[in-house]
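Here's the structure we're looking at; comments come further down.
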Ligand SMILES: O=c1[nH]cnc2c1ncn2[C@@H]1O[C@H](CO)[C@@H](O)[C@H]1O
Ligand SMILES: [Zn+2]
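Residue numbers (my numbering): 34 to 374.
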């Protein structure tokens, strides 16, 4: 199974740029830009960039983003980090990736929201030239930011829609900032024709999943772990064909589930909920898509047929230009044929 997992064609819909910075790159950028890091060695830095084993909540996990963000304030840094992330994914045979980031978190040293989008887009485009990957951007709004700030992010996303940006997202502290605070933001996104995905049912209840769909126009749900709490919400996702972007390792770390064994991914898959498999944050969660697949094989009895199913569901749910989907599906089929699965 291990060799098969390495070679499986993969697709990633839920991946945060600032959670996926290579430690060596952070060190390089810090040196280049004269930023002092709280670590004496690469090993120490790597440890500081990861969620600690003692992590007890999403709020605590979110603290791990402060360090990488210090070094993600210039076009050079964003372009390089985006390129490297897409290259890392391509090495795992990821054929399509949606990289999300909150442009406002990158404006501390004078970059504008649009500069941030242009820089990430340039990095992804560079990786597309060098590898076989297709890479797109999702513009993230932060739950703790004001409605005005998030509206600015959505307007910027609209400007780049079809030019690298394929959607908008709401992320951050779900426990203290419920989705309805940002209803207006995603109402606007919908009016502007931008596909919406919302983190919900991770550090908050299934009611947030319902709100995300009914009031924030979500076409996909980030995590949605706690969907089991509400049969009505399950029915809603089923009726509207709304899939979940699941990130198992991240959910264990943020205590969205009590333990790995209690993760509902297998039961959701069996109940016909549109499960997709994602890494969330490669560096912060110390994972990648290959490790996530391995975890599913080892602990949730995922077989080749299950991996095929989640890939097809992810291709269907991708925000990529619709005309690219048949080509993407063909690529996957070709590789499955080669693997004889
Ligand atoms: O799993 C998650 N749940 C909620 N918010 C997250 C998660 N991972 C990252 N971020 C938040 O999204 C921001 C932009 O990428 C990150 O800075 C982090 O605060
Ligand atoms: Zn996330």
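Heads up, the beta-carbon is just placed ideally off N, CA and C, and yes, glycines get one too.
Just so it is clear, the structure is predicted and the values come from calculations on it, not from any experiment.
Proximity winner among the options, relative to residue i (alpha-carbon distances)
| i | options | result |
| --- | --- | --- |
| residue 226 | 134, 347, 234 and 191 | 191 |
| residue 91 | 82, 102 and 208 | 208 |
| residue 285 | 341, 261, 81 and 256 | 256 |
| residue 246 | 266, 65 and 43 | 266 |
| residue 119 | 94, 97, 68 and 161 | 161 |
| residue 175 | 204, 248, 276 and 38 | 204 |
| residue 121 | 341, 274, 48 and 183 | 48 |
| residue 105 | 62, 177 and 234 | 62 |
| residue 269 | 281, 307 and 278 | 307 |
| residue 344 | 36, 45, 39 and 241 | 45 |
| residue 99 | 113, 78 and 116 | 78 |
| residue 357 | 87, 111 and 195 | 195 |
| residue 214 | 234, 183, 236 and 223 | 183 |
| residue 219 | 87, 149, 172 and 341 | 172 |
Residue burial classification, residue i (beta-carbon count within 10 angstroms, cutoff 16)
| i | result |
| --- | --- |
| residue 271 | exposed |
| residue 230 | buried |
| residue 129 | buried |
| residue 370 | exposed |
| residue 366 | exposed |
| residue 291 | exposed |
| residue 301 | buried |
| residue 34 | exposed |
| residue 69 | exposed |
| residue 349 | exposed |
C-alpha distance - residue i paired with residue j, whole-angstrom precision
| i | j | result |
| --- | --- | --- |
| residue 155 | residue 147 | 12 Å |
| residue 261 | residue 239 | 8 Å |
| residue 252 | residue 309 | 13 Å |
| residue 74 | residue 80 | 10 Å |
| residue 228 | residue 186 | 14 Å |
| residue 317 | residue 198 | 24 Å |
| residue 373 | residue 41 | 11 Å |
| residue 396 | residue 141 | The structure shown has nothing for residue 396, since the chain only spans 34 to 374. |
| residue 312 | residue 281 | 8 Å |
| residue 153 | residue 193 | 12 Å |
| residue 38 | residue 326 | 7 Å |
| residue 67 | residue 102 | 15 Å |
| residue 234 | residue 328 | 22 Å |
| residue 288 | residue 338 | 29 Å |
Contact test: residue i Cβ vs ligand 3 heavy atom, cutoff 7 Å
| i | result |
| --- | --- |
| residue 319 | Absent from the structure shown: ligand 3. Ligands present: ligand 1 and ligand 2. |
| Do the region 331-345 and the region 291-304 touch if we need at least three Cβ pairs shorter than 8 Å? | yes
Neighbouring residues (CB closer than 6 Å to any heavy atom of ligand 2) = 47, 49, 204, 232, 255 and 313
> Any contact of the region 316-331 with the region 124-141, i.e. 3+ C-beta pairs under 8 Å?
Replying inline: yes
Decide yes or no for the touch test of the region 130-145 against the region 159-171: beta carbon pairs closer than 8 Å, at least 3 of them. yes
| said: Check whether the region 52-60 and the region 355-370 touch, using three or more Cβ-Cβ pairs below 8 Å as the test. | reply: no
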